[in-house]
Structures are given as C-alpha cells and as structure tokens.
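If you want this note's numbering, it's the position in the sequence shown, counting the first as 1, plus 39. First comes the structure, then the notes that go with it.
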Amino acid sequence: MAHSLGLADFFPWASIEEVIDVILNDTTTGHATVASLRAAGGFLPLNVPAVAYADWKFDSPSGKIEFCSPQAARLGLPPLPVHGGDQASPYPLSLSFGRTLTHFHSFYDEGQALPALAKHNVAPQLWISPVDAEARQLSNGDAIRIYNQRGEFAAKACVTDDVKPGVVWMRDGWVGLNHLTSGDAVLTRDALSLFHFSVGQSDYGARVEVARRQASL
40 MAHSLGLADF FPWASIEEVI DVILNDTTTG HATVASLRAA GGFLPLNVPA
90 VAYADWKFDS PSGKIEFCSP QAARLGLPPL PVHGGDQASP YPLSLSFGRT
140 LTHFHSFYDE GQALPALAKH NVAPQLWISP VDAEARQLSN GDAIRIYNQR
190 GEFAAKACVT DDVKPGVVWM RDGWVGLNHL TSGDAVLTRD ALSLFHFSVG
240 QSDYGARVEV ARRQASL
C-alpha cells in the first residue's frame, strides 16, 4: 500500500522477509534471520538465560535496579511504579480477557476459517462466578448481554469457580467486544519510540454489568 501511494520511505523493506529479519534481529534470537531459520529446519534455540540478569547488569541507564526511573519521567510516564486502580463506576464487574487453546492471535475471523477450530468457538462465552450469576438469576448457558456506558455485547453465560466474584472473563478476539473497552493510551509517543517494532499501547480495561437476554444467540 505504501508503494502504491508513493510513500517509499514509509515501508523501506523490499520484501516481507526483510521485515521479519528486522523483528528477529535481537540478542535473544541470536540475531536470527529467515534464511538462518530455513537453514536450521525452521527452529533455532533462544538465547535466554534460566535466571534473568544473573550478572546483575540491568537494562537501565545506571545499570542498576531503578525504583525511581528518571528515564520514565523524561518519557512522560510515572517515575515510580503506580497502580491506578479502577475509577469510580456504576458497573460492578471487572471484565478481563485471555486466550484459549483454540485461539490464534493472527485470526481475526473468530477461528471460523478452520472448521477444526470453529467447532470449539461456536459463540462467545462469559465466565462468571456462581456468586455473581446467582445475584443476577443467571444459569449456565443463558443468553446474556454484557454492557456499560460504551455499548453492549451478546454472549452466553459460563458459570464457573475459575473466576472470583466481581470479575468476569472472556476469550478476546470476538468482533464488537472492544466496544466495551476504553482504548485509552497507556504509553506516551516518546515511550513508544523506544521500540523498533510496533507495540500495543491501549487500555482494554472495562467495568461492566451482565443481564439475561430474552433472545438466544
């Protein structure tokens, strides 16, 4: 697309392989390349020590553990580790996300391209604790709506002890789910410039409420 638009400097690589070479160019990979991976049959060991920083040489300007980071302050970030906590919200449940064995990050069609995966991802399920489900008169498999001030999302309830009261969990990647999340930036532009590759920097946190839906999925 960059070449079609005449933006030669925006995408300076001649091929996708060159892009991958840039991503792989790190001490942890042994500065691997596509060519070296092919020559090795597709697999190369990572150069990662069993104990992090065993030599006590830390990746900080001072080479020491910095509880207060002047570099973070220069980048517009808090110099001390802080926990922002949840802002006051009328929505009582904290929505969190994760992966499952049938979920691939590069799949943006909810796994429907592969029948072997699709049969395990028939519909989005929200894990909810028995305590929270009982308070809302929900049973396992009920059609529900997850909502907050930003919008709502349809799913089915999965009542389980695997989440604690006050927290609900769902596999990420479902189309429309991000309508519930804030999307606020968590890193400054200066901080992002430290990375030579694209990094995520949005806050996907959300406070939600859950209720039964009349129509099933």
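By construction, the Cβ of each residue, glycine as well, lies at the ideal position given by its N, Cα and C atoms. Remember, predicted model here, so these are calculated numbers, not experimental data.
For this session: Would you check if the stretch 202 to 213 and the stretch 79 to 98 touch, i.e. whether three or more CB-CB distances between them fall below 8 Å?
Result: no
Problem set entry | Contact between the stretch 150 to 169 and the stretch 224 to 234 (3+ Cβ pairs under 8 Å) | no
For this session: For G215, collect the residues of the same chain with a Cβ closer than 7 Å to its Cβ; drop the 5 residues on either side in sequence, then sort them by chain order.
Result: F192
Exercise. Which same chain residues, not among the five before or five after A111, have their C-beta less than 7 Å away from its C-beta?
Worked result: P117 and P118
Problem set entry | Outcome for V198 when other beta-carbon atoms lying within 10 angstroms are tallied against a minimum of 16 | buried
For this session: Closer than 6 Å by C-beta to D171: which residues in its own chain qualify, once you throw out the five before and the five after it? Chain order, please.
Result: P204
Exercise. Tell me the DSSP bridge mates of D242?
Worked result: D223
Exercise. Looking at the structure shown, is E173 part of a helix, part of a strand, or coil, going by DSSP?
Worked result: helix
Exercise. Just reading off the alpha helix (DSSP H) that I55 is part of, what are its end residues?
Worked result: I55 to L63
For this session: Alpha carbon to alpha carbon, how far is N179 from N217? Give it in angstroms, no decimals.
Result: 24 Å
Problem set entry | Of the residues S128, P154, S168 and V87, the one placed nearest Y186, counting alpha carbons only | S128
For this session: Determine the burial state of S168: buried for a count of at least 16 other Cβ atoms within 10 Å of its Cβ, exposed for fewer.
Result: buried
For this session: Over the uninterrupted alpha helix (DSSP H) stretch that includes S135, give me the two end residues.
Result: Unbroken run through S135 is the beta strand (DSSP E), L132 to G137; no alpha helix (DSSP H).
For this session: Pick helix, strand or coil for L165, following the three-state DSSP scheme.
Result: strand
Exercise. Roughly how many angstroms separate the alpha carbons of V61 and R189, rounded to a whole number?
Worked result: 38 Å
For this session: Look at V225 and D242 and say whether their C-beta atoms are less than 8 Å apart.
Result: yes
Exercise. Going by the CB atoms, is the gap between R246 and L165 shorter than 8 Å?
Worked result: no
Exercise. When we look at the beta-carbon of A47 and count the other beta-carbons within 10 Å, is it buried (16 or more) or exposed?
Worked result: exposed
Exercise. Looking only at C-alpha atoms, which of A79, A250 and V87 sits nearest to D181?
Worked result: A250
Problem set entry | Candidates S54, E248 and G244: closest to L221 by CA position | In the sequence as presented, Leu is not what sits at residue 221; that position holds Ser. Of the candidates S54, E248 and G244, the one whose C-alpha sits nearest the C-alpha of S221 is G244.
For this session: Compute the Euclidean distance between the alpha carbons of A174 and E248, then round it to the nearest angstrom.
Result: 12 Å
For this session: Give me whichever residues DSSP pairs with W208 in a beta bridge.
Result: S135 and W166
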